[in-house]
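Heads up: the structure comes next, in structure tokens.
Protein chains: 2
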Amino acid sequence: MNLHALSQDISAVIEKHQLADLQSLKNFLKIPSISTDPHYRNAIDDAACFLKNYFEELGLDSEILPTKGHPVVYARLGKDPQKPTVLCYGHYDVQPADPLSLWVSGPFDPQIRDGYLYARGASDDKGQVFCHIHAVKTLLTLSKELPVNLLFLIEGEEEIGSPHLKDFLKEHREKFSAQFLLVSDTPMYAPKMPSLCYGLRGLLYVELHAKSTKIDLHSGQQGGIVQNPILGLAYILSQLKNKEHDVQIPGFYQNVRTLSSEEKRMIDEIPFDEKDYALLLGAKKFVGEKDYSVNMRRWFRPTLDCNGIVGGYTGPGSKTIIPAMASAKISMRLVSYQDPMVIFNSLQEYVSRICPEGLEVSVDLHTASEPLLISKDSKGIKAAEKALKMVFGVNPVFQGEGGSIPILNAFKSTLGLDPILMGFNLPDDAIHAPNERFGIQQYRDGIHSTALFFHYIGLDL
Amino acid sequence: MNLHALSQDISAVIEKHQLADLQSLKNFLKIPSISTDPHYRNAIDDAACFLKNYFEELGLDSEILPTKGHPVVYARLGKDPQKPTVLCYGHYDVQPADPLSLWVSGPFDPQIRDGYLYARGASDDKGQVFCHIHAVKTLLTLSKELPVNLLFLIEGEEEIGSPHLKDFLKEHREKFSAQFLLVSDTPMYAPKMPSLCYGLRGLLYVELHAKSTKIDLHSGQQGGIVQNPILGLAYILSQLKNKEHDVQIPGFYQNVRTLSSEEKRMIDEIPFDEKDYALLLGAKKFVGEKDYSVNMRRWFRPTLDCNGIVGGYTGPGSKTIIPAMASAKISMRLVSYQDPMVIFNSLQEYVSRICPEGLEVSVDLHTASEPLLISKDSKGIKAAEKALKMVFGVNPVFQGEGGSIPILNAFKSTLGLDPILMGFNLPDDAIHAPNERFGIQQYRDGIHSTALFFHYIGLDL
Numbered sequence: 151m152n153l154h155a156l157s158q159d160i161s162a163v164i165e166k167h168q169l170a171d172l173q174s175l176k177n178f179l180k181i182p183s184i185s186t187d188p189h190y191r192n193a194i195d196d197a198a199c200f201l202k203n204y205f206e207e208l209g210l211d212s213e214i215l216p217t218k219g220h221p222v223v224y225a226r227l228g229k230d231p232q233k234p235t236v237l238c239y240g241h242y243d244v245q246p247a248d249p250l251s252l253w254v255s256g257p258f259d260p261q262i263r264d265g266y267l268y269a270r271g272a273s274d275d276k277g278q279v280f281c282h283i284h285a286v287k288t289l290l291t292l293s294k295e296l297p298v299n300l301l302f303l304i305e306g307e308e309e310i311g312s313p314h315l316k317d318f319l320k321e322h323r324e325k326f327s328a329q330f331l332l333v334s335d336t337p338m339y340a341p342k343m344p345s346l347c348y349g350l351r352g353l354l355y356v357e358l359h360a361k362s363t364k365i366d367l368h369s370g371q372q373g374g375i376v377q378n379p380i381l382g383l384a385y386i387l388s389q390l391k392n393k394e395h396d397v398q399i400p401g402f403y404q405n406v407r408t409l410s411s412e413e414k415r416m417i418d419e420i421p422f423d424e425k426d427y428a429l430l431l432g433a434k435k436f437v438g439e440k441d442y443s444v445n446m447r448r449w450f451r452p453t454l455d456c457n458g459i460v461g462g463y464t465g466p467g468s469k470t471i472i473p474a475m476a477s478a479k480i481s482m483r484l485v486s487y488q489d490p491m492v493i494f495n496s497l498q499e500y501v502s503r504i505c506p507e508g509l510e511v512s513v514d515l516h517t518a519s520e521p522l523l524i525s526k527d528s529k530g531i532k533a534a535e536k537a538l539k540m541v542f543g544v545n546p547v548f549q550g551e552g553g554s555i556p557i558l559n560a561f562k563s564t565l566g567l568d569p570i571l572m573g574f575n576l577p578d579d580a581i582h583a584p585n586e587r588f589g590i591q592q593y594r595d596g597i598h599s600t601a602l603f604f605h606y607i608g609l610d611l
Numbered sequence: 151m152n153l154h155a156l157s158q159d160i161s162a163v164i165e166k167h168q169l170a171d172l173q174s175l176k177n178f179l180k181i182p183s184i185s186t187d188p189h190y191r192n193a194i195d196d197a198a199c200f201l202k203n204y205f206e207e208l209g210l211d212s213e214i215l216p217t218k219g220h221p222v223v224y225a226r227l228g229k230d231p232q233k234p235t236v237l238c239y240g241h242y243d244v245q246p247a248d249p250l251s252l253w254v255s256g257p258f259d260p261q262i263r264d265g266y267l268y269a270r271g272a273s274d275d276k277g278q279v280f281c282h283i284h285a286v287k288t289l290l291t292l293s294k295e296l297p298v299n300l301l302f303l304i305e306g307e308e309e310i311g312s313p314h315l316k317d318f319l320k321e322h323r324e325k326f327s328a329q330f331l332l333v334s335d336t337p338m339y340a341p342k343m344p345s346l347c348y349g350l351r352g353l354l355y356v357e358l359h360a361k362s363t364k365i366d367l368h369s370g371q372q373g374g375i376v377q378n379p380i381l382g383l384a385y386i387l388s389q390l391k392n393k394e395h396d397v398q399i400p401g402f403y404q405n406v407r408t409l410s411s412e413e414k415r416m417i418d419e420i421p422f423d424e425k426d427y428a429l430l431l432g433a434k435k436f437v438g439e440k441d442y443s444v445n446m447r448r449w450f451r452p453t454l455d456c457n458g459i460v461g462g463y464t465g466p467g468s469k470t471i472i473p474a475m476a477s478a479k480i481s482m483r484l485v486s487y488q489d490p491m492v493i494f495n496s497l498q499e500y501v502s503r504i505c506p507e508g509l510e511v512s513v514d515l516h517t518a519s520e521p522l523l524i525s526k527d528s529k530g531i532k533a534a535e536k537a538l539k540m541v542f543g544v545n546p547v548f549q550g551e552g553g554s555i556p557i558l559n560a561f562k563s564t565l566g567l568d569p570i571l572m573g574f575n576l577p578d579d580a581i582h583a584p585n586e587r588f589g590i591q592q593y594r595d596g597i598h599s600t601a602l603f604f605h606y607i608g609l610d611l
């Protein structure tokens with residue numbers, strides 16, 4: 151098969167379908183399927199129905215499968231045991247849209263301006279789900295037979311941490327049996343620089359509660375005799391990292407994977423302007439571990455941050471109290487092969503050891519999710535690499551992602567699948583923020599790359 | 151003059167007047183003269199009018215004098231150049247009453263239960279102002295001639311820090327010319343243990359603002375490359391005191407007065423049960439400078455506390471951000487002869503020196519008020535000591551007060567007067583809190599002591 155010719159054919163079909171396909175996506179984007187807010191529960195069901203119907207229109211078998219939370223949309227095309235099966239994962243739920251006043255057009259009134267489609271969910275993740283779906287449509291236009299069997303799992307709780315999906319996967323293990331897992335929910339590195347993400351950091355998120363007296367005290371009358379819970383908590387926080395930004399929890403670095411020199415070289419070769427990036431974030435200067443570059447630090451090094459702190463009087467002016475308590479939220483981004491629960495236990499011991507006299511501190515667990523490291527040499531990754539090279543004319547960047555997609559670990563543990571993280575939106579597409587958008591060209595390239603990926607997968611096996 | 155006989159006469163008059171006097175006080179307490187809330191501005195004026203009328207009924211000359219804020223009530227009795235003049239200072243404004251739901255009877259519906267008069271302001275300070283006024287009434291009942299000239303300055307802004315009183319005193323210096331200043335706005339040490347307060351701590355109250363980036367960042371995507379402003383601020387806070395609870399601001403202890411061994415002995419002789427007191431505050435244990443007892447630390451040693459802190463996400467659950475900024479309120483209780491502004495400047499330099507890289511921190515001033523130390527050997531104190539001994543049958547305790555009454559410094563600087571701090575409420579009378587109260591016996595003893603004080607002043611000169 152001449153893949154260059156196929157690529158041109160695919161491109162032609164995408165061109166021909168573009169208007170209709172964008173209209174379908176717009177209709178999908180009109181549904182305010184905000185998962186975190188119970189007021190939008192009907193919209194969640196509407197979005198699931200919309201998808202099921204759309205899959206069926208295109209000739210796929212589709213079902214809405216209940217979970218203990220929002221339903222999963224399942225779809226299937228082909229059952230040929232001679233062909234590999236690709237499972238496409240995505241989500242139809244979206245983030246809340248507020249602050250509404252900052253949107254140029256309504257978050258659920260999709261509009262095209264200057265080559266971008268603006269709406270909540272345009273990039274995250276409805277637009278990228280449609281890249282997968284329209285890749286199927288495109289291939290079906292060219293041929294009745296696809297080179298792969300396809301499964302779709304489109305969930306409705308990604309934006310609230312997929313609380314029910316792991317149990318769902320365990321229960322439906324056989325229904326989702328596949329050899330490859332395609333996920334388009336990460337950005338490209340930059341315009342015209344497609345990327346494959348091969349490392350996601352894990353997350354350990356805890357909350358410290360420090361308490362020293364029964365009630366707030368008068369800071370004049372009692373100042374000098376009791377432990378101040380804010381100062382006590384501040385002391386503990388000050389002992390979590392040293393001046394070189396090394397995390398001080400015993401054993402924290404023990405299982406951290408060492409970056410190979412080839413990996414370091416690869417990361418250093420990705421174009422990156424530190425000054426521009428500091429300007430973008432409004433940071434006075436970057437700080438962190440000296441022996442690692444900015445991209446190494448935010449993708450492949452573990453770190454610790456305080457995400458919130460509160461205690462005592464926080465209104466305007468002054469109030470002369472010694473507060474009874476204070477609390478802080480602490481998150482650690484973990485990398486392979488750190489174990490979140492081992493570190494949680496070590497943190498608990500460490501905090502109780504360094505806790506100042508007169509203070510009681512508890513360490514409560516919010517989240518513990520493992521990091522993910524994906525082999526760059528798998529057949530799936532090779533197929534994605536080739537597809538992206540064909541569409542963009544350049545080799546994709548292999549990059550890490552500092553954030554976490556906790557549910558990917560469940561795919562690994564229940565189905566034995568590593569994800570192929572091939573996403574198409576751009577870093578400035580304002581996901582989770584007002585004026586979320588998806589470039590029309592990104593959208594077309596996404597369809598094109600996905601269609602070619604299916605072909606390379608079919609060829610490679 | 152037989153002072154024992156006079157004391158018995160005074161007691162008899164108090165007994166006779168008690169019902170009527172309590173009714174007058176109740177009427178005064180019904181006026182919700184909350185100074186901090188503009189909604190109660192009419193009540194402020196009502197309280198001032200009530201006082202002026204009451205003074206005039208008793209035969210004093212009285213005026214309402216405007217300030218740039220709430221008015222001052224002035225009253226005068228006697229102008230004999232042969233007699234000493236006592237200025238009685240107090241305040242007719244009160245703290246807000248919320249939380250209302252915790253009051254057994256309404257804060258402005260004064261009620262007597264089990265020997266206590268319950269109402270907002272009962273102890274702080276309307277009830278104690280009435281001790282002074284009814285002492286005058288009692289003496290006038292016994293004789294047309296008082297042994298002293300009397301001046302009253304009852305202000306309406308004490309609970310908001312007396313922002314206009316210093317200028318007012320400067321302007322009306324001559325009107326308030328006196329040899330003695332009597333203030334009843336501090337508690338007795340314990341039931342049946344009257345006290346004279348001879349040291350008040352000063353206050354330096356600042357706010358630290360720490361900033362590291364323009365906006366909140368995603369803690370996954372950017373974690374490991376920027377300074378975390380909460381952790382940076384926590385580091386600074388951790389450097390303000392060492393493990394021995396010594397404040398680390400350079401020069402902080404340089405001018406601190408050393409307690410004399412006689413003073414130490416005196417303080418140690420005051421009955422104090424550390425265990426009971428820790429239980430009362432709900433403190434696991436007391437902490438602080440090892441070489442000083444609890445009462446020494448809270449009365450005559452300087453200290454530093456954090457009164458409030460806030461930064462990042464403080465709602466329920468987790469949010470994965472690196473906040474852009476964080477802030478903390480810090481107060482220092484100062485003792486003689488520390489200079490608040492010298493320490494403020496040293497703190498600013500210290501903070502900028504220890505500020506972690508990538509962080510900007512400002513130190514803003516809220517309050518700087520000097521400590522006050524009063525000679526225990528003055529004629530006024532001796533007169534108060536004798537009066538208290540006569541009424542309570544025991545020598546008063548000489549104690550410090552950890553809190554501050556900043557306006558007392560203005561009396562010193564404008565009128566050259568040290569206060570005689572002879573208060574009558576008890577430590578558990580819930581001032582500033584729901585169910586504020588004043589014991590009827592305390593009230594009677596307050597009138598009695600004040601009347602005798604006036605006599606001793608008259609005799610001593």
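As they're listed, the protein sequences go chains A and B.
So that you can map any letter, position 162 of the first sequence is 312 in my numbering, and since no number is skipped, the others follow by simple counting.
So that you can map any letter, position 152 of the second sequence is 302 in my numbering, and since no number is skipped, the others follow by simple counting.
Ideal Cβ placement from N, Cα and C applies to all residues, glycine included.
Scan the stretch 410-423 of chain A for residues whose Cβ lies nearer than 7 Å to a Cβ of chain B and list them as they occur along the chain.
Correct list: empty, as no residue qualifies.
Could you tell me the alpha carbon to alpha carbon distance between residue 270 (chain A) and residue 249 (chain A), rounded to whole angstroms?
Rounded to the nearest angstrom, the two C-alpha atoms are 12 Å apart.
In terms of DSSP beta bridges, what is residue 241 (chain A) paired with?
Answer by DSSP bridge pairing, in chain order: A:305.
For residue 173 (chain B), which of helix, strand or coil comes out of DSSP?
In the structure shown, residue 173 (chain B) falls within a helical segment according to DSSP collapsed to helix, strand and coil.
Using a Cβ-Cβ cutoff of less than 6 Å, which residues in the same chain neighbour residue 302 (chain B) once the five nearest sequence positions on both sides are dropped?
In its chain, beyond the 5 residues on either side, 225, 238 have a beta carbon closer than 6 Å to the beta carbon of residue 302 (chain B).
Give the list of continuous alpha helix (DSSP H) stretches no shorter than 4 residues that lie fully inside the stretch 418-486 of chain A.
Taken in chain order, the whole alpha helix (DSSP H) runs of length 4 or more contained in the stretch 418-486 of chain A are 424-431, 444-450.
Anything in the stretch 361-383 of chain A with a Cβ closer than 7 Å to a Cβ of chain B? List those residues in chain order, please.
Of all residues in the stretch 361-383 of chain A, those with a C-beta nearer than 7 Å to a C-beta of chain B are 362, 363, 364, 365, 367, 368, 369, 370, 371, 372, 373, 374, 375, 376, 377, 378, 380, 381, reading in chain order.
With a cut-off of 9 Å, does the C-beta of residue 163 (chain A) fall near any C-beta of chain B?
So, not an interface residue.
Leaving out the 5 sequence neighbours to the left and right, which residues in its chain are closer than 7 Å to residue 559 (chain B) when beta-carbon positions are compared?
Once the five neighbours on either side are set aside, the close Cβ partners of residue 559 (chain B) are 519, 520, 522.
Pick out whichever of A:550, A:535, A:566 has its Cα sitting closest to the Cα of residue 605 (chain A).
It is A:535 whose Cα lies nearest to the Cα of residue 605 (chain A).
For residue 589 (chain B), verify whether its CB is less than 8 Å away from any heavy atom of the ligand MG.
The ligand MG is not part of this structure, which contains no ligands at all.
Residue-level contact to chain B via CB, residue 400 (chain A), 9 Å cutoff
Chain B, which has no Cβ nearer than 9 Å to the Cβ of residue 400 (chain A), makes this no.
Enumerate in chain order the residues of its own chain whose CB-to-CB distance from residue 188 (chain B) is below 7 Å, with the five nearest sequence positions on each side excluded.
If we look at residue 188 (chain B) and ignore the five residues flanking it on each side, it has no Cβ neighbours.
Give me, in chain order, the residues of the same chain whose beta-carbon lies closer than 6 Å to that of residue 611 (chain B); leave out the 5 immediate sequence neighbours on both sides.
Residue confidence for residue 611 (chain B) is low, a pLDDT of 45 falling below 50, so the modelled location carries little weight and cannot support an answer.
Could you pull out every residue in the same chain whose Cβ sits closer than 6 Å to the Cβ of residue 218 (chain B), ignoring the five residues on either side in sequence?
Excluding residues within five positions, the ones whose Cβ falls inside 6 Å are 314.
Please list the residues of the stretch 440-455 of chain A that have a C-beta atom closer than 7 Å to any C-beta atom in chain B, keeping them in chain order.
Here the close residues are 444, 447, 448, 451, 453, 455.
Indicate the three-state DSSP secondary structure (helix, strand or coil) for residue 339 (chain B) in the structure shown.
In this structure, residue 339 (chain B) counts as coil in the three-state DSSP scheme.
Can you tell me which of A:474, A:479, A:394 puts its alpha carbon nearest to the alpha carbon of residue 621 (chain B)?
Absent from the structure is residue 621 (chain B), since the part of chain B shown begins at 151 and ends at 611.
For residue 207 (chain A) and chain B, any beta-carbon pair shorter than 9 Å?
No, its Cβ sits nowhere closer than 9 Å to a Cβ of chain B.
In whole angstroms, what is the alpha-carbon distance linking residue 612 (chain B) and residue 582 (chain B)?
Limits of chain B in this structure are 151 at one end and 611 at the other, which puts residue 612 (chain B) out of reach.
Can the beta-carbon of residue 355 (chain B) be found closer than 9 Å to that of residue 203 (chain B)?
Taking 9 Å as the Cβ cut-off, residue 355 (chain B) and residue 203 (chain B) do not qualify as a contacting pair.
Which residues in the same chain have their Cβ closer than 6 Å to the Cβ of residue 568 (chain B), if we skip the five residues on either side of it in sequence?
Excluding sequence positions up to five before and after residue 568 (chain B), its CB lies within less than 6 Å of the CB of 524, all in the same chain and listed in chain order.
For the stretch 318-365 of chain B, which segments carrying the beta strand (DSSP E) assignment without a break, of at least 3 residues, lie completely within its bounds, in sequence order?
Qualifying beta strand (DSSP E) stretches, in chain order: 330-333, 345-350, 352-361.
Secondary structure at residue 381 (chain A), three-state DSSP: helix, strand or coil?
Here residue 381 (chain A) sits in helix by DSSP.
Could you check whether residue 205 (chain A) and residue 223 (chain A) sit closer than 9 Å to each other, using their CB atoms as the reference points?
Yes, the pair counts as a contact, with Cβ atoms nearer than the cut-off.
Would you tell me roughly how many angstroms separate the C-alpha atoms of residue 593 (chain A) and residue 260 (chain A), rounded to the nearest one?
The C-alpha of residue 260 (chain A) is placed about 15 Å away from the C-alpha of residue 593 (chain A).
Do you know offhand how far residue 454 (chain B)'s Cα is from residue 389 (chain B)'s?
Between residue 454 (chain B) and residue 389 (chain B), the C-alpha separation is close to 12 Å.
Drop a sphere of 10 angstroms on the beta-carbon of residue 476 (chain B), count the other beta-carbons inside from all chains shown, and report buried for 16 or more, exposed for fewer.
It is buried - the Cβ of residue 476 (chain B) has at least 16 other Cβ atoms within 10 Å.
What three-state label does DSSP hand residue 515 (chain A) in the structure shown?
In the structure shown, residue 515 (chain A) adopts extended strand secondary structure according to DSSP, grouped into three states.
For residue 217 (chain B): DSSP bridge partner residues
As DSSP reads the structure, residue 217 (chain B) sits in no beta bridge.
Touching or not, the stretch 167-183 of chain A and the stretch 195-202 of chain A, by the rule of three or more beta carbon pairs under 8 Å?
Segments in contact, yes.
Buried versus exposed call for residue 609 (chain B) [16 or more other C-beta atoms within 10 Å across all chains shown]
That one is exposed.
Interface residues of chain A facing residue 433 (chain B) [CB-CB closer than 9 Å]
Those within 9 Å of residue 433 (chain B) in chain A are 362, 363, 364, 367, 372, 375, 376, 377, 508.
Counting only Cβ pairs nearer than 8 Å, list the residues of chain B close to residue 516 (chain A).
The contact set of residue 516 (chain A) on chain B, defined by CB atoms closer than 8 Å, consists of 467, 468 in chain order.
Coil, strand or helix - residue 611 (chain A) by DSSP
Any reading at residue 611 (chain A) needs caution, since the residue's pLDDT is 44, under 50, leaving its predicted position unreliable; the model's value is listed next. Residue 611 (chain A): coil per DSSP, three-state reduction.
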